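Notes follow once the structure below has been shown.
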Amino acid sequence: MSSLTINIAKGAGFCMGVRRAIEIAKKAGKQYGKVAMLGDIVHNEGVVRELEKDGIVVYDDLSQIPPEMPVILRSHGTRADLRQRAHSMGLTIIDATCPLVKEIHAAAKELESEGRKVIIIGDHGHDEVEAIAGEVTDPLIIADEAEADTISKIRQAGVVIQSTQFRENVDAILKKLIWKINDLRIINTICKPTRDRQAQIRELASENDVMLIVGSFTSANTKRLTRIAQSINSRSYQIRGPVDIQPDWFKGAKSVGISAGASAPDKIVREVADKIGALAI
Ligand code: SF4
141 MSSLTINIAK GAGFCMGVRR AIEIAKKAGK QYGKVAMLGD IVHNEGVVRE LEKDGIVVYD
201 DLSQIPPEMP VILRSHGTRA DLRQRAHSMG LTIIDATCPL VKEIHAAAKE LESEGRKVII
261 IGDHGHDEVE AIAGEVTDPL IIADEAEADT ISKIRQAGVV IQSTQFRENV DAILKKLIWK
321 INDLRIINTI CKPTRDRQAQ IRELASENDV MLIVGSFTSA NTKRLTRIAQ SINSRSYQIR
381 GPVDIQPDWF KGAKSVGISA GASAPDKIVR EVADKIGALA I
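In this note's numbering, the protein residues as written are 141 to 421.
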């Protein structure tokens with residue numbers, strides 16, 4: 141039996157937006173038998189396979205979706221041109237966009253209506269960022285400090301931020317931008333679930349001997365959370381689930397903190413805690 145104290149982050153597991161989208165998708169699966177989704181709902185292979193059982197079929201392109209199949213818009217938003225195309229194809233649209241993502245769209249439009257150049261702090265090519273970009277004309281996407289260095293001077297600009305961005309990255313970019321833009325308005329659109337998750341990981345990583353972050357290696361967000369934890373506690377590890385746990389990690393440890401990326405199911409977090417609890421340390 142393990143003598144380790146296990147502390148699970150309160151916000152571990154799916155964020156509100158993903159949880160809500162999965163519920164909507166499952167309900168739609170029951171109602172329609174089969175429903176289409178453009179791309180994966182979360183960057184987690186296990187969740188995607190689970191949803192397949194509920195009748196959710198993932199397509200890479202709108203043109204592949206059969207006309208009789210309703211289409212679900214995912215939690216992190218869908219580009220305006222794709223939404224319009226789905227409408228003009230006559231598809232039934234089920235909107236599972238997170239309300240907090242919609243707030244970012246509204247914020248970007250508000251900044252544009254003030255005559256500002258819209259700047260999005262976020263990852264190039266990320267679906268959420270692409271969808272925000274599609275709401276305004278010719279926005280500037282800045283992923284990191286090095287990119288902020290390369291932009292020319294702007295008279296009037298406004299910033300919105302991808303919901304899952306990290307404080308350190310945003311701080312570093314904004315420090316550069318204030319020297320390049322005369323009139324700068326910033327709307328902090330990092331969502332509350334993300335802020336809480338990051339704060340909790342910092343807390344748990346400093347208070348526990350070992351720190352585990354549960355999540356898929358394809359999730360950029362989970363990798364970043366792991367880096368935050370590692371910067372505070374060198375005994376921090378990213379795992380996909382119980383199978384990745386190595387008993388060696390816990391030698392001499394009295395406590396372990398567990399958190400997870402927004403795309404990790406609560407069930408896996410519990411399974412990880414159970415496996416650690418059963419380790420003979
Ligand atoms: S990370 Fe935040 S904004 Fe994005 S889907 Fe989750 S709750 Fe919504």
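Even for Gly, the Cβ is constructed at its ideal location relative to N, Cα and C.
In this text the structure is predicted, and so the values were computed from the model without any measurement.
Select from Ile261, Glu268, Asp267 and His266 the residue whose C-alpha is nearest the C-alpha of Leu280. The closest CA to that of Leu280, considering only Ile261, Glu268, Asp267 and His266, is found on Ile261.
Less than 7 Å separating the beta-carbons of Ile179 and Gly195? Checking the sequence shown, residue 179 turns out to be Gly, not Ile. Contact flag unset, no.
What span of residues does the beta strand (DSSP E) with Asp323 cover, start to end? For Asp323, the enclosing beta strand (DSSP E) stretches over residues Ile321 to Ile326.
Chain-order list of residues whose beta-carbon lies under 6 Å from that of Ala152 (same chain, five-residue window excluded): Excluding sequence neighbours, Ala152 sits near Ser399, Ala400 and Val409.
How would you call His245, buried or exposed, if buried means at least 16 neighbouring beta carbons within 10 angstroms? Buried: at least 16 other Cβ atoms inside 10 Å.
When you measure from the CB of Met177 to every non-hydrogen atom of the ligand SF4, does any distance come out below 6 Å? For the ligand SF4, not one heavy atom lies less than 6 Å from the Cβ of Met177.
In whole angstroms, what is the alpha-carbon distance linking Asp311 and Gln338? Put simply, the backbone Cα of Asp311 is about 15 Å away from that of Gln338.
For Gly186, the first and last residue of its enclosing alpha helix (DSSP H): Per DSSP, the continuous alpha helix (DSSP H) segment holding Gly186 begins and ends at Glu185 to Lys193.
May I have all residues whose beta carbon comes closer than 7 Å to any heavy atom of the ligand SF4, sorted in chain order? Selection output, chain order preserved: Cys155, Met156, Gly157, Val158, Ser215, His216, Cys238, Leu240, Val241, Glu268, Ser303, Thr304, Cys331, Pro333, Thr334 and Ala402.
Min CB distance Gly381 to chain C below 7 Å: Checking the listed chains, one finds no chain C in this structure; it contains a single protein chain.
Thinking C-alpha only, which one of Lys332, Val258 and Thr277 is nearest Ala297? Comparing Cα positions, the closest option is Val258.
I'd like to confirm something about Asp201: is its beta-carbon nearer than 6 Å to some heavy atom of the ligand SAM, or not? No copy of the ligand SAM occurs in the structure displayed; its ligands are the ligand SF4 alone.
Assuming Met351 and Asn373 are in contact, meaning their beta carbons sit under 8 Å apart, how far apart are those beta carbons, in whole angstroms? About 5 Å separates the CB atoms of Met351 and Asn373; that is less than 8 Å, so the two are in contact.
Take Ile291 as the anchor and find which of His216, Lys320 and Thr329 has the nearest alpha-carbon. Looking at the Cα atoms, Lys320 is the closest of the given residues.
Assign Val276 to one of two classes, buried (16 or more other C-beta atoms within 10 Å of its C-beta) or exposed (fewer than that). Around the beta-carbon of Val276, 16 or more other beta-carbon atoms lie within 10 Å, marking it buried.
Which of helix, strand or coil does DSSP assign to Gln378? Gln378 falls in the strand class under three-state DSSP.
Report the rounded CA-to-CA distance for Glu254 versus Arg307, giving the unit in angstroms. If you take the alpha carbons of Glu254 and Arg307, they lie about 26 Å apart.
Just the C-alpha distance for Cys331 and Lys391, rounded to the nearest angstrom, thanks. Put simply, the backbone Cα of Cys331 is about 37 Å away from that of Lys391.
Can you check whether the CB of Pro405 is closer than 7 Å to the CB of Val187? Yes, Cβ-Cβ distance for Val187 and Pro405 is below 7 Å.
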